[in-house]
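Here's the structure we're looking at; comments come further down.
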Amino acid sequence: METLTVETRPIAGQKPGTSGLRKKTTLFMSRHYLENFIQSTFDAIGGVAGKCLVLGGDGRYFNDRAAQVILRMAAANGAARVIIGQGAILSTPAASHLIRLNGADGGIILSASHNPGGRDGDFGVKFNMANGGPAPEAVTAAIHARTEEITSYRILGAGDADLMRIGPQMLGKMEVLVVDPVADYAALMERLFDFPKMRALFAGGFRMRFDAMCAVTGPYAAEILENRLGAAPGTVAHGAPLPDFGGMHPDPNPTWAHELMAEMMGPSAPDFGAASDGDGDRNMVVGRGIYVSPSDSLAVLAANAHLAPGYRAGLKGVARSMPTSAAADRVAARLGIASYETPTGWKFFGTLLDAGRATLCGEESFGTGSDHVREKDGLWAVLLWLNILAERKETVREIMEAHWSAFGRNYYSRHDYEALPADLGAAVMDDLRARLPGLPGQVVEGMRVETADDFSYVDPVDGSASAGQGLRVVFAGGSRLVLRLSGTGTEGATLRLYLERYVAGPEGLDQDVQEALAPLIRAAETLAAIRARSGRTGPDVIT
Ligand code: G16
Numbered sequence: 017m018e019t020l021t022v023e024t025r026p027i028a029g030q031k032p033g034t035s036g037l038r039k040k041t042t043l044f045m046s047r048h049y050l051e052n053f054i055q056s057t058f059d060a061i062g063g064v065a066g067k068c069l070v071l072g073g074d075g076r077y078f079n080d081r082a083a084q085v086i087l088r089m090a091a092a093n094g095a096a097r098v099i100i101g102q103g104a105i106l107s108t109p110a111a112s113h114l115i116r117l118n119g120a121d122g123g124i125i126l127s128a129s130h131n132p133g134g135r136d137g138d139f140g141v142k143f144n145m146a147n148g149g150p151a152p153e154a155v156t157a158a159i160h161a162r163t164e165e166i167t168s169y170r171i172l173g174a175g176d177a178d179l180m181r182i183g184p185q186m187l188g189k190m191e192v193l194v195v196d197p198v199a200d201y202a203a204l205m206e207r208l209f210d211f212p213k214m215r216a217l218f219a220g221g222f223r224m225r226f227d228a229m230c231a232v233t234g235p236y237a238a239e240i241l242e243n244r245l246g247a248a249p250g251t252v253a254h255g256a257p258l259p260d261f262g263g264m265h266p267d268p269n270p271t272w273a274h275e276l277m278a279e280m281m282g283p284s285a286p287d288f289g290a291a292s293d294g295d296g297d298r299n300m301v302v303g304r305g306i307y308v309s310p311s312d313s314l315a316v317l318a319a320n321a322h323l324a325p326g327y328r329a330g331l332k333g334v335a336r337s338m339p340t341s342a343a344a345d346r347v348a349a350r351l352g353i354a355s356y357e358t359p360t361g362w363k364f365f366g367t368l369l370d371a372g373r374a375t376l377c378g379e380e381s382f383g384t385g386s387d388h389v390r391e392k393d394g395l396w397a398v399l400l401w402l403n404i405l406a407e408r409k410e411t412v413r414e415i416m417e418a419h420w421s422a423f424g425r426n427y428y429s430r431h432d433y434e435a436l437p438a439d440l441g442a443a444v445m446d447d448l449r450a451r452l453p454g455l456p457g458q459v460v461e462g463m464r465v466e467t468a469d470d471f472s473y474v475d476p477v478d479g480s481a482s483a484g485q486g487l488r489v490v491f492a493g494g495s496r497l498v499l500r501l502s503g504t505g506t507e508g509a510t511l512r513l514y515l516e517r518y519v520a521g522p523e524g525l526d527q528d529v530q531e532a533l534a535p536l537i538r539a540a541e542t543l544a545a546i547r548a549r550s551g552r553t554g555p556d557v558i559t
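Residue numbering for the sequence shown follows the working numbering, starting at 17 and increasing by one per position.
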């Protein structure tokens, strides 16, 4: 088999965002686009000669073709071995686990996460490091720089590898090891959680609905929940991964997982509901008649993690992204452990996890995880909830209400304005940023501004600095609003407005969330005028 060196030219815009390079599928399929980015990635990490990589994706349209191209490029670049999920399928947390388990040098995950798939949808490529976590900013910047100067890429002149046949095969001089995408991940979950106790819960009639949204988690959830834990057949809905996710938008939030929400709020709701996203790293948790916000979920998991075998020794610390509510900080303070506030993006948790400073991490964007891998992990969060439910023998509502009366309640919501004209999104941010220095002391909608800044972060482990991570306006009493531009959208600009208000209790703990936040919603419009300037009547998505 011949190694071909193909001449190419830089393609503009290959700049990884919050989580890898995400673009329209058709752009990724265009001439040299994928190849340029993969060769740039290989070059930026010092080449892959002699290295071992993990490869897989969420099964969206172009996943299988892209995987074959990457295999041929890895072989041509001298990689020793690629471990790949059968059918080129791996959830993001399963890929992270495989990198760590096999001591691989890194991995490539094909996914645009919660973004819709299909030929007219989105595609994405993420590079993960040897610790199993997303490449840090220094590496993604180096990849981007390389895309701007690339002149050629290397690819093997070979046919397709047989990705359905489990076991080793050779592609040129490189070994391709096809593995069951679920087995190692499921074994890890069995080590972390009390499966006999959870089996007993289901045997006692506990009912659950898990919406896999036609994305990658289906096979994982069916194996673990139905086969190993004995949940009733059919517990996993939309369990077959489809290239276009069956037309669904695989984003587990109340807007896009509306089928699950309707069931959980209905008269014959099961005891517990959950959903996950395209690549299986996000989760949404719902009880009968009660939605659990991701920020609250992180706090409840932190307060109860010791009930699961894998966390019985206690937590070292808890980390959350800046826009995530401070509910988890209150738990950390009570437990006497450290809490950390990082910029948005799972990559910022990596150093804290590696250094043993944090055990649990979470984000308002439906991401929760722990030091068992270096990605957020949707099914893991659902299983930790199940383990807690099996131990406490209370309903989700009872657990939430007990949590709020113990810690107070951080009312929280995110309002998304999607696909705005890019210049409008930038102008809204620029104008508010310019006003920040003058805001402290001003009274907006009856609330006095205490501080206002553009969040910047210095990593306490490696000292790397990240500026411009979101505009914060904090009011007396701790209520706050945060505004930032999404780094994962592929169309125009998406503005995210995060709203938070703390109520200590015991009164006022059962208010409607949007009503509790109404003064902040008005203050945001007074300060940033998103509705007035965009002509929109309200946000596209409320979580
Ligand atoms: C990614 C990142 C998360 C981030 C989320 C939203 O999640 O891994 O850390 O919170 O995007 O980012 P943004 O607000 O910039 O759109 P995923 O599940 O899409 O990989």
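Think of the CB as a built atom: it goes at the ideal place given N, C-alpha and C, for glycine as much as any other residue.
(request) Would you kindly check if the distance between the Cβ of residue 346 and the Cβ of residue 424 is under 8 Å? (result) yes
(request) Could you please give me the residues that DSSP links to residue 21 through a beta bridge? (result) 170, per the DSSP bridge assignment.
(request) May I ask you to list the residues that DSSP assigns as paired with residue 467? (result) In DSSP, residue 467 forms a bridge with 490.
(request) Tell me whether the beta-carbon of residue 299 lies closer than 8 Å to the beta-carbon of residue 268. (result) yes
(request) May I ask you to verify whether the region 300–315 touches the region 162–174, counting CB pairs closer than 8 Å and requiring at least 3? (result) no
(request) Helix, strand or coil for residue 191, going by three-state DSSP, please let me know. (result) strand
(message) According to DSSP, simplified to helix, strand and coil, what is residue 289?
(response) strand
(request) Please specify which runs of the alpha helix (DSSP H), each continuous and at least 4 residues long, are wholly inside the region 316–404, giving them in chain order. (result) 343–351 and 366–370
(request) List the whole-angstrom C-beta distance separating residue 237 from residue 395, where the pair is believed to meet the contact cut-off of C-beta under 8 Å. (result) 6 Å
(message) Please list the terminal residues of the continuous alpha helix (DSSP H) segment that includes residue 160.
(response) 153–163
(message) Please report the distance separating the alpha-carbon of residue 462 from that of residue 443.
(response) Between residue 462 and residue 443, the alpha-carbon positions lie close to 26 Å from each other.
(message) Buried or exposed, going by whether 16 or more other CB atoms sit within 10 Å of the CB of residue 180?
(response) Classification of residue 180: exposed, given that the 10 Å Cβ count is below 16.
(request) Decide if the region 314–327 is in contact with the region 404–417; the criterion is three or more beta carbon pairs, one per stretch, under 8 Å apart. (result) yes
(message) When you compare the CB positions of residue 397 and residue 497, do they come within less than 8 Å of one another, or not?
(response) no
(request) Ignore the nearest five residues each way along the sequence and tell me which others in residue 49's own chain have a CB closer than 7 Å to its CB. (result) In the same chain as residue 49, and ignoring 5 residues on each side of it, the C-beta atoms closer than 7 Å to its own belong to 27 and 43, in chain order.
(request) Provide the residue span of the beta strand (DSSP E) that contains residue 274, from first to last. (result) Taken as a continuous stretch (DSSP letters only), residue 274 belongs to no beta strand (DSSP E), being part of the alpha helix (DSSP H) at 274–281.
(message) So if DSSP puts residue 300 in a beta bridge, which residue, or which two residues, is it bridged to?
(response) Answer is 291, bridged to residue 300.
(request) Tell me, please, which residues DSSP counts as bridged to residue 230. (result) The partner list for residue 230 (beta bridge, DSSP) is empty, contrary to what the question assumes.
(request) Quick one: using the 10 Å Cβ neighbour count with 16 as the cut-off for buried, is residue 23 buried or exposed? (result) exposed
(message) Any heavy atom of the ligand G16 closer than 7 Å to the beta-carbon of residue 227?
(response) No, since every heavy atom of the ligand G16 falls outside the 7 Å radius drawn around the Cβ of residue 227.
(request) Would you kindly work out how many angstroms separate the C-alpha atoms of residue 197 and residue 297, rounded to a whole number? (result) 15 Å
(request) Could you work out which residue in 485, 264, 536 and 173 is closest to residue 2 when comparing CA atoms only? (result) What the structure shows of the chain is the stretch from 17 to 559, and residue 2 is not part of that stretch, so it cannot be assessed.
(request) Using alpha carbons as the reference points, say which of 211, 221, 220 and 382 lies closest to residue 240. (result) 211
(message) Taking 8 Å as the threshold (C-beta atoms), are residue 218 and residue 252 in contact?
(response) no
(request) Specify, as a first and last residue, the run of the beta strand (DSSP E) that residue 139 falls within. (result) 138–144
(message) For a quick check, are the C-beta atoms of residue 30 and residue 53 less than 8 Å apart?
(response) yes
(message) Quick check: does the Cβ of residue 431 come within less than 7 Å of any heavy atom belonging to the ligand G16?
(response) no
(request) Could you round the C-beta distance between residue 34 and residue 508 to whole angstroms and report it? I think they count as a contact, below 8 Å. (result) About 16 Å separates the two Cβ atoms, so there is no contact after all.
(message) With a threshold of 8 Å, are at least 3 pairs of Cβ atoms found where one atom belongs to the region 472–492 and the other to the region 365–379?
(response) Yes, the region 472–492 is in contact with the region 365–379.
(request) Please find out if some non-hydrogen atom of the ligand G16 comes closer than 7 Å to the beta-carbon of residue 293. (result) yes
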